[in-house]
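Since the structure comes first, as structure tokens, the remarks are kept for the end.
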Amino acid sequence: MAALLKHDEKMLEKMKSVFKTFRENQDEVALLWRPHPLIKATIESMRPQLWQEYQKIMEQYKEEGWGIYDDTADMDRAVVLGDAYYGDGSSIVALYQQIGKPVMEQNVDILD
Numbered sequence: 000m001a002a003l004l005k006h007d008e009k010m011l012e013k014m015k016s017v018f019k020t021f022r023e024n025q026d027e028v029a030l031l032w033r034p035h036p037l038i039k040a041t042i043e044s045m046r047p048q049l050w051q052e053y054q055k056i057m058e059q060y061k062e063e064g065w066g067i068y069d070d071t072a073d074m075d076r077a078v079v080l081g082d083a084y085y086g087d088g089s090s091i092v093a094l095y096q097q098i099g100k101p102v103m104e105q106n107v108d109i110l111d
């Protein structure tokens, strides 16, 4: 969530790029996307101009059905199910590291 607040539209483009990469490689790897539980409230209050585009990206991801969308409150389930973590730095990173799973933090400046 911090990356989206810091990078605004650039982060939305990064999300599209990441989703494109995972979609193109869905036979080899699965993506479980678990947005922060407060993402909607945060964007609407702090970056309202981004909400419509974020919502469009989210709906497209869910409609295409090639990945897993996890909007549950249970962060532990995502950690147990995932073989590795790719994404922004967050509290979930420490959980992956504690159980010895690989972590790769994304760089918003690298697309495709």
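Heads up: the sequence shown begins at 0 in numbering that gives the first Met the number 0, then just goes up one per residue.
Glycine residues also receive a C-beta, built at the ideal position from the N, C-alpha and C atoms.
In this text the structure is predicted, and so the values were computed from the model without any measurement.
Check: Would you tell me roughly how many angstroms separate the C-alpha atoms of Lys5 and Val107, rounded to the nearest one?; Outcome: 10 Å
Check: For Ala2, count neighbouring C-beta atoms within 10 Å of its own C-beta (all shown protein chains included) and say buried if the count is 16 or more, exposed if not.; Outcome: buried
Check: Could you tell me if Ile109 is buried or exposed, where buried requires 16 or more neighbouring beta carbons within 10 angstroms of its beta carbon?; Outcome: exposed
Check: Excluding the 5 residues preceding and the 5 following Thr20 in the sequence, name in chain order all residues of the same chain whose CB lies nearer than 8 Å to its CB.; Outcome: Asp111
Check: Does the separation of the CB atoms of Met57 and Tyr84 fall below 8 Å?; Outcome: no
Check: Enumerate in chain order the residues of its own chain whose CB-to-CB distance from Ile42 is below 8 Å, with the five nearest sequence positions on each side excluded.; Outcome: Leu3, Leu49, Trp50 and Tyr53
Check: Relative to the alpha-carbon of Ala75, which residue among Tyr60, Leu31, Trp65 and Lys61 has its alpha-carbon at the smallest distance?; Outcome: Just to set this straight, residue 75 is Asp in the shown sequence, not Ala. Of the candidates Tyr60, Leu31, Trp65 and Lys61, the one whose C-alpha sits nearest the C-alpha of Asp75 is Leu31.
Check: Since Asp82 contacts Arg33 with CB under 8 Å, what's their CB separation in whole angstroms?; Outcome: About 14 Å; that fails the 8 Å criterion.
Check: Within this structure, are the beta carbons of Lys13 and Gln105 separated by less than 8 Å?; Outcome: yes
Check: Work out the CA separation of Ile91 and Lys61 for me, nearest whole Å.; Outcome: 22 Å
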